[in-house]
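Quick notes on the structure that follows.
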Amino acid sequence: MEVENLLKVVVDACDDKHGYDIVAYDLTQAGVLYDYSVICHAPTNRQVEAIAQEVREQVLENGGEIHSTEGLREAKWILMDLGDVVVNIMTRDDREYYELDALFEKYPIKGV
13 MEVENLLKVV
23 VDACDDKHGY
33 DIVAYDLTQA
43 GVLYDYSVIC
53 HAPTNRQVEA
63 IAQEVREQVL
73 ENGGEIHSTE
83 GLREAKWILM
93 DLGDVVVNIM
103 TRDDREYYEL
113 DALFEKYPIK
123 GV
């Protein structure tokens with residue numbers, strides 16, 4: 013699956029399950045192992061888990077691969093490695109606490 017299509021599938025899946033403040037940071041010029049980092053949050057652990065499940069289903073349905081998933085048990089911060097796209101789905105409190113957006117803010121935001 014082309015990375016642009018994968019990114020769209022991920023962002024749409026997050027949106028379909030009502031993820032908040034979905035942002036895709038473009039890291040293509042950053043020299044890291046992946047091209048995009050997607051971050052979104054939800055108000056509850058149950059919704060974080062539902063978003064991750066939707067991302068998983070949509071990626072697999074569209075021919076993508078999931079290399080690994082971390083954090084499903086607690087569902088406070090789920091990290092999904094899809095190869096060229098890394099997805100961070102968090103509770104709002106964890107997003108504010110860990111400030112991932114501040115880490116990536118120097119990179120452009122990819123419109124999808």
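The numbering of the sequence shown is my numbering, which starts it at 13 and goes up by one. Heads up, the beta-carbon is just placed ideally off N, CA and C, and yes, glycines get one too.
Would you identify the three-state DSSP class for residue i, choosing helix, strand or coil?
| i | result |
| --- | --- |
| GLU82 | strand |
| LEU91 | strand |
| ALA36 | strand |
| VAL15 | helix |
| VAL124 | coil |
Could you check if residue i is buried or exposed, using at least 16 other CB atoms within 10 Å of its CB as the buried criterion?
| i | result |
| --- | --- |
| VAL44 | exposed |
| TYR48 | buried |
| LEU72 | exposed |
| ILE63 | buried |
| GLY31 | buried |
| GLY76 | buried |
Taking C-alpha atoms, which residue in the options lies nearest to residue i?
| i | options | result |
| --- | --- | --- |
| HIS53 | ARG85, PRO120, LEU39 and LEU91 | LEU91 |
| LEU84 | ARG58, ASP47 and LEU72 | ARG58 |
| ILE51 | CYS26, LEU94, ALA42 and GLY95 | CYS26 |
| GLU82 | VAL15, LYS118, ASP93 and HIS30 | ASP93 |
| ILE78 | VAL99, ALA87 and LYS122 | VAL99 |
| ILE101 | VAL60, VAL15, GLN41 and THR40 | VAL60 |
| LEU109 | ASN74, LEU39 and LYS88 | In the sequence as presented, Leu is not what sits at residue 109; that position holds Tyr. Nearest C-alpha to TYR109: LYS88. |
| TYR119 | GLY31, GLY75, GLY76 and LEU39 | LEU39 |
Assuming residue i and residue j make a contact with CB atoms under 8 Å, what is their CB distance in whole Å?
| i | j | result |
| --- | --- | --- |
| ARG104 | PRO55 | 6 Å |
Per the contact definition of three or more C-beta pairs closer than 8 Å, is the stretch 66-75 in contact with the stretch 21-38?
-> yes
For the stretch 107-123 and the stretch 27-44, state whether three or more C-beta atom pairs, one from each stretch, are separated by less than 8 Å.
-> yes
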